[in-house]
Every structure is written in C-alpha cells, then in structure tokens.
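Single-structure report; data block below.
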Amino acid sequence: MKRLLLILACFFWQFALGQGRKIIVAADGTGDFKTVQQALDAVKDSSATPTTIFIKKGIYKEKLRLQASKIKVTMIGEDRDRTILTYDDYHERKDSTGKAIGTSGSASFFIYANNFTALNLTFQNTAGISAGQAVAVWVGGDRNRFKNCRFLGFQDTLYTFGAGLREYFEDCYIEGTVDFIFGAAIAWFERCNIHLIRSGYVTAASTPQNVPYGYIFNKCRITGNAEEQSFYLGRPWRPYAAVTYLNCFLDKQIKSEGWDNWHNAANEKTARFAEYNSKGPGASAAARVSWSRQLTDDEAKAYNVKNILSGADGWQPAAF
Numbered sequence: 001m002k003r004l005l006l007i008l009a010c011f012f013w014q015f016a017l018g019q020g021r022k023i024i025v026a027a028d029g030t031g032d033f034k035t036v037q038q039a040l041d042a043v044k045d046s047s048a049t050p051t052t053i054f055i056k057k058g059i060y061k062e063k064l065r066l067q068a069s070k071i072k073v074t075m076i077g078e079d080r081d082r083t084i085l086t087y088d089d090y091h092e093r094k095d096s097t098g099k100a101i102g103t104s105g106s107a108s109f110f111i112y113a114n115n116f117t118a119l120n121l122t123f124q125n126t127a128g129i130s131a132g133q134a135v136a137v138w139v140g141g142d143r144n145r146f147k148n149c150r151f152l153g154f155q156d157t158l159y160t161f162g163a164g165l166r167e168y169f170e171d172c173y174i175e176g177t178v179d180f181i182f183g184a185a186i187a188w189f190e191r192c193n194i195h196l197i198r199s200g201y202v203t204a205a206s207t208p209q210n211v212p213y214g215y216i217f218n219k220c221r222i223t224g225n226a227e228e229q230s231f232y233l234g235r236p237w238r239p240y241a242a243v244t245y246l247n248c249f250l251d252k253q254i255k256s257e258g259w260d261n262w263h264n265a266a267n268e269k270t271a272r273f274a275e276y277n278s279k280g281p282g283a284s285a286a287a288r289v290s291w292s293r294q295l296t297d298d299e300a301k302a303y304n305v306k307n308i309l310s311g312a313d314g315w316q317p318a319a320f
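Under UniProt numbering, read the sequence shown as residues 1 to 320, first letter to last.
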C-alpha cells in the first residue's frame, strides 16, 4: 500500500511540474472540463507535445473515443476505485438506423490513438451479465499502456484489437465471464489480477500466423468467485492463437485440461498455448490437453518485455 501511494504521489507531482499540456476533468465543474470526452476532444491533433488529463473522482457515464490524431495522451485518475469511466452498450443494441451495433460497437471506451497511457482508472461496461458481448475498452492503438487500472464487465470485457499492435498492462484488475480478454494484439500482462465470474474462458486470442507472440501473462493471479473447474485458460478465436502464462498463480476455478479448441479439432494443430512455472490448485500440468505446451527453462527466457514489445522503435512500456 505504501508503495502504491508513493507511485501515485509521483504521478501527481509529475502532473503538476512535468512537461506538456495539462487538463483537469471534474464533474462538479472545478476543472477545465466537466466530461472526459470534452478533454479528449481538446487534445491538439498530431501534436508532438504530450497531454496529461487528470480526472477527479466521480462516475463519468460517457461513450468515449480517443481519435487516432490525439497521440501522446496520459489519463490519470484521482482514485482508481472511485474514478469510473462507464457506459452500458451491448452487441444487440440498435443504432439510429435500427442495426445492431455489434461487439466492437458496444465498447464504453474506444482508443484509436498510439502512445496512450492510463493510470489509476476504472473502465466499465454495465450492460449486465445477461447482455452478452459488452466491451469495456477497445484498444486499437500501438504502444498503449495501462497501470493500476480496473476493467469491469462480463463477456468480452477487454478487446485488444489490431494484429501486431503492442499493449502493456501492469498491476491491473480485469474481470469477466466468457472470452473477456480477446483480440489479435500483442499484450503483456504484468502482475495483474484476473477475476473469474460464473464460468467461461479467460482468453480468446486471434493472433495472426505471422505474429510470434499474442498474450503473455507474467506473475499474474487467476482467481475469482466462479465454481471449481469452471474456467478454461483460453480458446482460439482464430487459428494460430497465441497465449502464454508465465509464473502465474492459477486457482481452483481453472479446469484441469486447461484449454479448449472452440469445437474445432483443427485448432489443436495451430493454437500456440503454453505455460511455464504455473502454481496453485489449477496448475495441473500433467492433466493439460496434449496440444498445449509446458515451456522449458531455455524457452521461457525468450519471454521478456524487451524481446516481445520493443519492436523496431525500442519501446519500453515499463518505464512509467
């Protein structure tokens, strides 16, 4: 707790004295804007100067969009659990033309921009467990980072959209039921708490064949209030889905077989599902499906943030 408070104090000090433009959002009118979308719209297009948006405590019910031209934006919440960005769309809701908005259209927050950072915020979709697909955050930019954030929802909570796009999540809380972390991006989850509700699948990756890595969970805790043996670690949304759990605690909710083929045996020949040094009641390596892998020590060494996320531009996401 002391470490977290120190980190937040540093963030706020950086906000006050750091370089770039500063914007304050407060629903009570004490900031520059009352809504988050107003602040996002106020970011200068294609500016080389970073923009930091500090959001005061409150529930902001808005369907948010950070356009691709709004680069180098950092959003900081005053209190993670009480600074909530929320909406309640779901895939079958109709738009103005009477057409269903679909899974992607259900997102509470669309992030199209590159170099986005979020700290100390809650992202939520409140459509409810019976609504089906209802996305809290749709991430469609490259080099996006989230630290000490919560992602709340049920089915399809976090959509990591975009083949080969790089995303980094550190010390985050992500909850859901079915396929609640899904998409084609390369995403690293460091020390995150993954909370399992009811029953389902943690991941539904759609990693392209030519992309060597998909989802990597490192030192995460996979727990929840779902029943014992009610969750799979993942299933392949598309052939060649890639998901790896490293040094994770897997609780009793994880099924012994670990992985599902999405009712298609052909996926067993292409899916790239692996674990290394799993611990806990759900870490039954001997009972895993034969088409998943347990990495060797040498193989596991290749799984590090620099190797997987740095890319040609040398991105260092952990350098908050």
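All C-beta atoms in this analysis are idealised placements derived from N, C-alpha and C, irrespective of residue type, glycine included.
Under the three-state reduction of DSSP output, K94 falls in the strand class. DSSP places G224 within a strand segment (E or B) once states are collapsed to three. Annotated three-state conformation of D179 is strand, per DSSP. Scanning the stretch 226–303 from its first residue to its last, the whole beta strand (DSSP E) runs of 3-plus residues come out as 231–234, 242–246 and 272–276. Per DSSP, reduced to three states, the secondary structure at G58 is strand. Setting aside the 5 residues that flank it on each side, P50 is surrounded in the same chain by G20 and K72, each with a C-beta closer than 6 Å to its C-beta; the list follows chain order.
Burial is judged here by how many other beta carbons sit within 10 angstroms of a residue's own beta carbon; R80 has at least 16 and is buried.
Taken through DSSP and simplified to helix, strand or coil, V211 comes out as coil.
The beta-carbon separation of G214 and T223, rounded to 22 Å, does not stay under the 8 Å limit for a contact.
Taking 3 residues as the shortest admissible run, the stretch 71–153 contains the following complete beta strand (DSSP E) segments, listed from N- to C-terminal end: 73–77, 83–87, 109–111, 117–119, 122–125, 137–139, 144–147 and 150–152.
By the C-beta density criterion, A302 is exposed, having fewer than 16 other C-beta atoms within 10 angstroms. In the displayed model, V43 falls within coil according to three-state DSSP, outside both helix and strand.
Between the alpha carbons of A42 and A226 lies a gap of roughly 42 Å. For L165, there is no enclosing beta strand (DSSP E), as DSSP marks it with neither H nor E. Per the coordinates, the alpha-carbon of Q133 lies some 9 Å from the alpha-carbon of A127. Short of 7 Å from the beta carbon of S46, and not among the five residues preceding or following it, lie these beta carbons of its own chain, in chain order: S69 and I71. It is roughly 29 Å from the alpha-carbon of Q209 to the alpha-carbon of Y173. For A319, the closest C-alpha among the options V305, L233 and I24 is that of V305. From the listed residues T97, A118 and Q124, the smallest Cα separation to L85 is found for Q124. Annotated three-state conformation of K63 is coil, per DSSP. Straight across, the Cα-Cα distance linking E175 with I101 is about 23 Å. Nearest in C-alpha terms to K219, of all of A205, Y245 and D89, is Y245. Residue range V305 to L309 is occupied by the alpha helix (DSSP H) that includes K306. Rounded to the nearest angstrom, the Cβ distance from Y87 to E62 is 7 Å, consistent with a contact under 8 Å. One Cα belongs to G77, the other to I53, and the distance between them is close to 9 Å. Nearest Cα to W237 within the set H263, T177, S230 and V289: H263. Just measuring C-alpha positions, the residue of R191, R198 and I186 sitting nearest A204 is I186.
Per DSSP, F189 is one residue of the beta strand (DSSP E) stretching across I186 to E190. One alpha carbon belongs to H195, the other to T157, and they sit about 11 Å apart. Here S96 is exposed, its C-beta having fewer than 16 other C-beta atoms within 10 Å. Counted as a single uninterrupted DSSP element, the beta strand (DSSP E) harbouring S199 occupies residues N193 to A205. Between K147 and E170, the beta carbon gap of about 5 Å places them in contact (Cβ cut-off 8 Å). If you look at K22, you'll find it in the beta strand (DSSP E) that goes R21 to V25.
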